[in-house]
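Shown next, in structure tokens, is the structure this report addresses.
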């Protein structure tokens, strides 16, 4: 152990303080609900014991609510009939994360992350049906439009020529036209009806997120917790932004016997666009850090009354001088910006909020799948497969050399970890998923 009392009485103690302390960015403290899924204070210990069971029930209720669908509409949009077993194996639905609970004395705030794949799927189908294209591509749609216009113009030109050359046989052409117009109108009607069904499915999907439709769900969950319930639904653009949603989709894909395990794991890694790390900026942060006096009050509290009054006065003077210099620099910079723009800059609130958010870009993923995962219905040995992309390291602690917060002992705050299990005809299997962000 370092003897602090000996260090204090040395003449170069103030110099050591000045050079030793390095100023860095303020430490990021993530919210409590990221560490624990329940943030609660209860007088009775038994209420805390019953929380895991209640959470499981609410998760099942939420999943069943968001998986609701109208079978009549699905039948009308799809020509071949799909069995319920195959519908369960599809990921074209609303996927939800594990809910995070914040308990107060009167109410429970349930925050759920949602990835609406079903909506995107049917919107894509609607656009493809409108333009008569099998694959959604802007170039293909534009080319088909041009071809249709050319064909229509050719027909009208030919019609004009025929009417000029054959004035006596106009009635034959009109009969021919009326005959094929009926078939054309019937095709158009069928197309419009199918488009209407697609719009109905999309609207049904939207209604699930409205307050009026959430009322019976809140009433049902209210009976579990015996408190008022408030939902906080967060829409996600991509699957990989939440590890629970991502691993849930992977489990459903693996359960399908047609899909191979390695092909599923490789395909999921391809969809991950990893953020590029600029090594130059990291090294600049590491080696060109400003050396200033930091935490003077904390140092005084730690050393107590052993520090001399002269040393304290020196520290206070140094802090006040540095503050004055900083204020002058800030005023100068603000004046220059005002002179350049001829108006006071009003910072946009959305940009400032987005800039302050931490862990926006994904830097790594790791997936482990183990269990009875052979395609054949044979009691074979268990398989263990691992795939990863990027790294799970924290930029602040492992690259920049800054201290970071830990979750529950050893868990990193920048890593989302999920552990799921499922079963097949052969046996059960498990899946672990890690998603890191910085």
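Residue numbers (our numbering): 633 to 1070. Beta carbons: idealized from backbone N, C-alpha and C, even for Gly.
| task | Following the continuous alpha helix (DSSP H) through residue 982, name the residue where it begins and the one where it ends. | result | First-last of the alpha helix (DSSP H) with residue 982: 981-988.
Which whole-angstrom value describes the C-beta separation of residue 1054 and residue 887, a residue pair presumed to lie in contact below a C-beta threshold of 8 Å?
-> Rounded, the Cβ-Cβ distance is 6 Å, consistent with contact.
**Prompt:** Taking residue 1024 as the reference, which of 907, 983, 731 and 863 has the closest Cα?
**Reply:** For the options 907, 983, 731 and 863, the alpha carbon positioned closest to that of residue 1024 is the one of 907.
- prompt: Given 8 Å as the limit, is there contact between the region 750-761 and the region 819-839, that is, 3 or more CB pairs closer than that?
  reply: Three or more Cβ pairs closer than 8 Å define a contact, and the region 750-761 meets that threshold against the region 819-839.
Rank 694, 1039 and 1027 by C-alpha distance to the C-alpha of residue 852 and give the top, closest one.
-> Comparing C-alpha distances from residue 852 to each of 694, 1039 and 1027 shows the shortest one belongs to 694.
Residue of 905, 1057 and 1065 minimising C-alpha distance to residue 992: Nearest C-alpha to residue 992: 905.
Contacts around residue 1017, its chain only, beta-carbon distance under 7 Å, and the 5 residues preceding and following it disregarded: Its chain contains 893, 894, 897 and 1001 as the residues whose beta carbon lies nearer than 7 Å to that of residue 1017, once the 5 sequence neighbours on both sides are disregarded; these appear in chain order.
Backbone CA spacing between residue 880 and residue 818 [nearest angstrom]:
Rounded to whole angstroms, residue 880 to residue 818 spans 43 Å at the Cα level.
Inspect the beta-carbon positions of residue 869 and residue 861 and report whether they are closer than 8 Å. With contacts defined as CB atoms closer than 8 Å, residue 869 and residue 861 fail to qualify as a contacting pair.
To the nearest angstrom, how far is the alpha carbon of residue 739 from that of residue 662? Approximately 23 Å between the Cα atoms of the pair.
Simplified DSSP assignment, three categories, for residue 842
When secondary structure is reduced to three states using DSSP, residue 842 falls in the coil class, being assigned neither helix nor strand.
What is the rounded straight-line gap between the Cα of residue 676 and the Cα of residue 682? Distance between the alpha carbons of residue 676 and residue 682 is about 11 Å.
DSSP beta-bridge partners for residue 1019?
Looking at the DSSP assignment, residue 1019 forms a beta bridge with 999.
| task | Ignore the nearest five residues each way along the sequence and tell me which others in residue 1036's own chain have a CB closer than 6 Å to its CB. | result | Its chain contains 1026, 1028 and 1029 as the residues whose beta carbon lies nearer than 6 Å to that of residue 1036, once the 5 sequence neighbours on both sides are disregarded; these appear in chain order.
- Task: Assign residue 753 to one of three DSSP states: helix, strand, or coil.
- Result: Three-state DSSP puts residue 753 in a helix.
Throw me the rounded Cβ distance for the residue 867 and residue 741 pair, which I believe falls under 8 Å.
-> With 8 Å as the limit, residue 867 and residue 741 do not qualify as a contact, their Cβ atoms being about 17 Å apart.
Go ahead and label residue 999 buried or exposed: buried means 16 or more other beta carbons lie within 10 angstroms of its beta carbon, across all protein chains shown. By the neighbour-count criterion, in which 16 or more other beta carbons inside 10 Å mark a residue as buried, residue 999 falls on the buried side.
Next on the checklist: Classify residue 1067: buried if its beta carbon has 16 or more other beta carbons within 10 angstroms, exposed otherwise.
Outcome noted: For residue 1067, the number of other beta carbons within 10 angstroms of its own is at least 16, and it is reported as buried.
So, are the CB atoms of residue 680 and residue 674 less than 8 Å apart?
It is a contact, given that the beta carbons lie within the stated cut-off.
Problem - Run of the alpha helix (DSSP H) containing residue 886, from where it starts to where it stops - result: 875-887 is the extent of the alpha helix (DSSP H) around residue 886.
By how many angstroms is the C-alpha of residue 1020 removed from the C-alpha of residue 1050? Rounded to whole angstroms, the gap between the alpha carbons of residue 1050 and residue 1020 is 15 Å.
Between the C-alpha atoms of residue 891 and residue 885, what's the straight-line distance to the nearest angstrom? Between residue 891 and residue 885, the C-alpha separation is close to 7 Å.
Minimum C-alpha distance to residue 719 - residue among 734, 814 and 703:
When only C-alpha atoms are compared, the closest one is 703.
Task: Reduced DSSP category for residue 1064 - H, G, I as helix; E, B as strand; rest coil - done: The answer is strand: DSSP assigns residue 1064 an E or B state.
Open item on the list: Helix, strand or coil for residue 733? Go by DSSP, reduced to three states.
Closed with: The answer is strand: DSSP assigns residue 733 an E or B state.
- Item | Contact set for residue 876: own chain, Cβ-Cβ below 6 Å, skip 5 residues either direction | 729, 730 and 1050, listed in sequence order.
(Q) By DSSP's criteria, residue 1043 is part of a beta bridge. Which residues make up the other side? (A) When DSSP reads this structure, residue 1043 sits in a beta bridge with 1039.
Straight-line Cα distance separating residue 744 from residue 848
Cα to Cα, the separation comes out at about 17 Å.
**Item:** residue 909 versus 721, 1031, 984 and 698, residue with shortest Cα-Cα distance
**Value:** Among 721, 1031, 984 and 698, the Cα nearest to that of residue 909 is on 1031.
Notebook entry, point to check: If you draw a straight line from the alpha carbon of residue 615 to that of residue 839, how long is it in whole angstroms?
Noted result: No statement about residue 615 is possible, as the shown extent of the chain runs from 633 to 1070 and does not include it.
Simplified DSSP state of residue 822, which is helix, strand or coil: Looking at residue 822 - three-state DSSP - the assignment turns out to be helix.
Taking the straight line between their C-alpha atoms, what separation do you get for residue 1065 and residue 1048?
If I take the Cα positions, the gap works out to 8 Å.
Per the DSSP calculation, residue 860 is bridged to which residue(s)?
As DSSP reads the structure, residue 860 sits in a beta bridge with 739.
| query | On the premise that residue 856 lies in contact with residue 723, defined as a C-beta separation below 8 Å, what is that separation, rounded to the nearest angstrom? | reply | That pair is no contact at about 28 Å.
Inset, instruction - Could you check if residue 652 is buried or exposed, using at least 16 other CB atoms within 10 Å of its CB as the buried criterion? - result: Because the pLDDT at residue 652 is just 47, under 50, the model does not fix this residue reliably, and the value given afterwards should be weighed accordingly. Exposed, since its Cβ has fewer than 16 Cβ neighbours within 10 Å.
Residue 672 burial status per 10 Å Cβ neighbour count (16 or more: buried):
Label assigned to residue 672: exposed.
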